[in-house]
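Residue numbers (this note's numbering): 5 to 223.
Laid out in structure tokens, this is it:
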């Protein structure tokens, strides 16, 4: 028992990596991780926010940075880490390419902070944030609208003429026929939805809905 205590004591007394270095690396890794956490939460436009994934990318750099720090101190640790990573398998598939980007960002923070390259971490994080902000807020093309029409008269030509008069582009996604009416679902790009509503009213359409939605497709 005494030998075990002495072995643990010697391990804590190992000065190859100073405690202040470990604390500094963890603090810097967590600062950049919190920054990435906020970027993922507030800048990226996500249809469904994944809190569990955000927590993962926020804590991952702390583990990676200390692993990198350990690799600098001992050759045996390097060999052990290579073996451990060789048998490690992640069962959770990352389906969204943007989520993979954030995962790689976390790995980058962990590696660079573990190597104490804080300036590189800062500049890369700032660059990635600027690019993500621009991409998420600058739209090339026009956001699509969904036009849902219930038509009780056989006046499809008038409806399409009204749509053509106001829409830059449009696609008829579906037609649903019943005994007394026809329902249309049309995807379109329009500058003035109010003008479209007036044109549809002139065409005799009594009931319709214009819905703007956040889609990855741009018309």
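Glycine included, C-beta positions come from ideal geometry on N, C-alpha and C. All of these numbers come straight from a predicted model, not from anything done at the bench.
Along the beta strand (DSSP E) that carries residue 177, what are the first and last residues, could you check? 171–181
Report the residue from 114, 213, 39, 209 whose alpha carbon sits nearest the alpha carbon of residue 68. 114
Counting only runs of 3+ residues fully inside the segment 93–163, write out the beta strand (DSSP E) ranges in chain order. 149–155
Alpha carbon to alpha carbon, how far is residue 74 from residue 34? 18 Å
Run the CB neighbour count on residue 58, radius 10 Å, all protein chains shown included, and call it buried at 16 or more, exposed below. buried
For residue 24 and residue 125, I'd like the C-alpha separation in whole angstroms. 20 Å
Span of the alpha helix (DSSP H) around residue 61: 55–75
Residue 43 and residue 133 look like a contact to me (Cβ under 8 Å); what is the Cβ gap, rounded to whole Å? 6 Å
Could you tell me whether the segment 167–183 touches the segment 109–123, using the rule of 3 or more Cβ pairs below 8 Å? no
Only counting the same chain, and skipping five residues up and downstream in sequence, which positions put a Cβ closer than 6 Å to that of residue 180? 187
Would DSSP call residue 217 helix, strand or coil? coil
For residue 107 and residue 41, what's the separation of their Cα atoms in angstroms? 11 Å
Once DSSP output is grouped into helix, strand and coil, what is the label at residue 210? coil
Residue range of the beta strand (DSSP E) that residue 47 falls in? Premise fails: residue 47 is in no beta strand (DSSP E) and is neither H nor E.
Thinking C-alpha only, which one of 129, 199, 164, 195 is nearest residue 32? 129
Three-state class that DSSP yields for residue 31 in the structure shown: helix
Please report how far the alpha carbon of residue 46 lies from the alpha carbon of residue 183, in whole angstroms. 48 Å
The beta strand (DSSP E) with residue 190 in it runs from where to where? 186–194
Am I right that residue 135 and residue 163 are in contact with their C-beta atoms under 8 Å? What's the rounded C-beta distance? Not quite, the Cβ-Cβ distance comes to about 42 Å (not below 8 Å), so this is no contact.
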